[in-house]
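Residue numbers (the working numbering), protein chains in the order written: chain G, 348 to 458; chain H, 12 to 470.
Next up, the structure:
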């Protein structure tokens, strides 16, 4: 994602658009982060298995809270919504590693 | 490739069933002239990063062996890190910073190499065997596995099962447990630490703990790389990019022998016991005389399946005390600064007392009455034959060089060792016997201990 890539210079208009799109989305109002909402493919499942315990527990808490709120057709108070600055892409490094390992396996098995 | 998680006390240099043929001096000299492989001197130098490198070139075999040895055995474990060397050893094939576990395995299988990790109480040896043509890939795999461990938390968790399995295997072997108990009672900490993880630590090894241990202990001055069948320049070239995980220097705590007694009753038909006193370290000038004394006392039968009473004094003595099956052999375990010297015995539970008393009296008679000339001659030949036969195997040679390099800093060739053995006189043997056998004893016993006497009843 543009926000996550460290060394890429992002134009200001791009950042503003990203912030607007983020604040319009549903998941921050439930207190979730972007990585909580990923569809659980095999790669993502393996990456979740590798999370450290505290990160995994925090993820579980956010998801449980979001499910509860969604059941009651409710959202968090406005000041508790996730802000784009606080949003952490905690799962991406693990996903990258899992994908890299799969690529290596695929390359080796080609021969 | 299979990561072999074998732990053997490599310094126990004398196997029990040595078939020492009557090699005369004449036969030995022609053999020495014809046998070129292990009679060369090793080249030793230091890499820029401080690691010692040694190599012994052998032109006859297409197999090259490289061993990376680190002076990081259970000896250096703190009391909250028990069994961490065991965990290090079983995680040799896990992901490291430059290769994933899958890549490491596939690289090694592609070149048909073996990578294994062996632990003694003082050293951890990562060994690679491969063909000489594949050394570039092989050595890079070895160096990454030994120095660039990544200790991914999820892989460490998977390794815990291996630790549990190995500990369970050891639990089934009274002889292995006897050795661990003996060291524990003789040394308490340092050399008394077990090679295997205790059950209260299963599942408790974390990535941070392992990383900290490696960074503290894998320092350049405590590591060495030895190559067998590979030229020195070539080996140094492959190791150019090697980086050492640890820094700083930390001195080893000196091993302090305490002595004592430990018994573990598990029932069954047999009893296993070992009684030792403090022996000599490998740097002690009398260490060779002690090895000769060990062969004088007897290291087990020299003819397979015989009862051994013709070859071994202690077997003869014990054989007169009981007519039921038994086995006994003299132990001489040498570490860098200390050792254990004594005997172990296995006997039927009801006969153990007599067997132990008979063997002990044999040891006592050596200090009182000395040894016969022909016994000393025979023992010297056995020591040399045993050393020569062990050096037939390349992996023994390289592990021997590895241990020497770390504990003494130089490598002794086989001819020098033979000269030292030849120069041992009968008086040397008697002197070392008096010095060592009259020390404070330690005893460990396991099995059905109904008739096994305690240490104070034996002395």
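No residue lacks a Cβ here, since even glycine has one placed at the ideal position from N, Cα and C.
Task: Proximal residues, the stretch 311-325 of chain H versus chain G, C-beta separation under 9 Å - done: none
TODO: Quick one: list the residues of chain G neighbouring residue 498 of chain H, beta-carbon separation under 9 Å, in chain order.
DONE: The displayed coordinates of chain H run from 12 to 470. Any statement about residue 498 of chain H would go beyond what the structure contains.
TODO: Measure from the C-beta of residue 4 of chain H to each C-beta in chain G and report whether the shortest distance is under 8 Å.
DONE: This structure gives no information on residue 4 of chain H, because the portion of chain H shown stretches from 12 to 470.
Open item on the list: Can you give me the C-alpha to C-alpha distance between residue 436 of chain H and residue 385 of chain H, rounded to a whole angstrom?
Closed with: 11 Å
Task: Rounded C-alpha distance that separates residue 446 of chain G from residue 243 of chain H - done: About 40 Å.
Open item on the list: Our contact map puts residue 409 of chain H next to residue 422 of chain H with C-beta atoms below 8 Å; I'd like the distance itself, whole angstroms only.
Closed with: Not quite, the Cβ-Cβ distance comes to about 11 Å (not below 8 Å), so this is no contact.
Task: Partners in chain H for residue 440 of chain G, counting only beta-carbon separations shorter than 7 Å - done: None at all; the shortest Cβ gap to chain H is about 12 Å.
TODO: Measure the C-alpha to C-alpha separation of residue 157 of chain H and residue 465 of chain H and round it to an integer number of angstroms.
DONE: 44 Å
- [ ] Return the residues of the stretch 378-398 of chain G that lie within a Cβ-Cβ distance of less than 8 Å from chain H, sorted by chain order.
- [x] 396, 397
TODO: Pick out whichever of H:85, H:107, H:425, H:222 has its Cα sitting closest to the Cα of residue 206 of chain H.
DONE: Out of H:85, H:107, H:425, H:222, the CA that lies nearest to the CA of residue 206 of chain H is found in H:85.
TODO: Compare the C-beta of residue 443 of chain G with all C-beta atoms of chain H and state if any pair is closer than 8 Å.
DONE: no
TODO: Please name the residue or residues paired with residue 57 of chain H in a DSSP beta bridge.
DONE: H:63
Open item on the list: Among H:82, H:133, H:128, H:155, whose alpha-carbon lies nearest the alpha-carbon of residue 118 of chain H?
Closed with: H:155
TODO: Classify residue 84 of chain H as helix, strand or coil using the three-state DSSP reduction.
DONE: coil
- [ ] Since I believe residue 283 of chain H is in contact with residue 185 of chain H (beta carbons under 8 Å), could you give me their beta-carbon distance rounded to a whole number of angstroms?
- [x] 5 Å
Open item on the list: Give me, in chain order, the residues of the same chain whose beta-carbon lies closer than 6 Å to that of residue 431 of chain G; leave out the 5 immediate sequence neighbours on both sides.
Closed with: Excluding residues within five positions, the ones whose Cβ falls inside 6 Å are 366, 369.
- [ ] Classify residue 140 of chain H as helix, strand or coil using the three-state DSSP reduction.
- [x] Here residue 140 of chain H sits in strand by DSSP.
Open item on the list: Taking the straight line between their C-alpha atoms, what separation do you get for residue 57 of chain H and residue 229 of chain H?
Closed with: In this structure, the alpha-carbon of residue 57 of chain H lies about 16 Å from that of residue 229 of chain H.
Task: In DSSP terms, what residue 237 of chain H is bridged to - done: H:65, H:78
Open item on the list: Buried or exposed, going by whether 16 or more other CB atoms sit within 10 Å of the CB of residue 362 of chain G?
Closed with: exposed
Open item on the list: Could you pull the DSSP bridge partners for residue 351 of chain H from this structure?
Closed with: H:289, H:344
Task: Buried/exposed call for residue 382 of chain G, threshold 16 Cβ in 10 Å - done: buried
- [ ] List the DSSP bridge partners of residue 107 of chain H.
- [x] H:160
Task: Burial state of residue 408 of chain G, where buried means 16 or more other Cβ atoms lie within 10 Å - done: exposed
TODO: Verify whether the separation of the beta carbon atoms of residue 62 of chain H and residue 137 of chain H is less than 8 Å.
DONE: no
- [ ] Specify the secondary structure class of residue 276 of chain H as computed by DSSP and reduced to three states.
- [x] strand
- [ ] Select from H:264, H:398, H:60 the residue whose C-alpha is nearest the C-alpha of residue 251 of chain H.
- [x] Measuring from the Cα of residue 251 of chain H, the nearest candidate turns out to be H:60.
Task: the stretch 202-218 of chain H contacting the stretch 92-103 of chain H, beta-carbon criterion three pairs below 8 Å - done: yes
TODO: May I have the straight-line CA-CA distance separating residue 246 of chain H from residue 113 of chain H, to the nearest angstrom?
DONE: 26 Å
Task: Stretch pair the stretch 441-449 of chain H + the stretch 294-307 of chain H: three plus CB contacts closer than 8 Å - done: yes
Open item on the list: Given a cut-off of 8 Å on the beta-carbon distance, is the pair residue 266 of chain H and residue 210 of chain H in contact?
Closed with: no
Task: Cβ neighbours of residue 93 of chain H in the same chain (closer than 6 Å, five flanking residues each side left out) - done: 209, 212
Open item on the list: I'd like the span of the alpha helix (DSSP H) that includes residue 396 of chain H, first residue to last.
Closed with: 384-401
Open item on the list: Quick check on DSSP: helix, strand or coil for residue 394 of chain G?
Closed with: helix
Open item on the list: With a threshold of 6 Å on Cβ separation, who are the neighbours of residue 201 of chain H within its own chain once the five nearest residues in sequence on each side are excluded?
Closed with: Only 86, 264, 266 meet the Cβ criterion.
Open item on the list: Would residue 303 of chain H and residue 390 of chain H be called neighbours here (beta carbons separated by less than 8 Å)?
Closed with: yes
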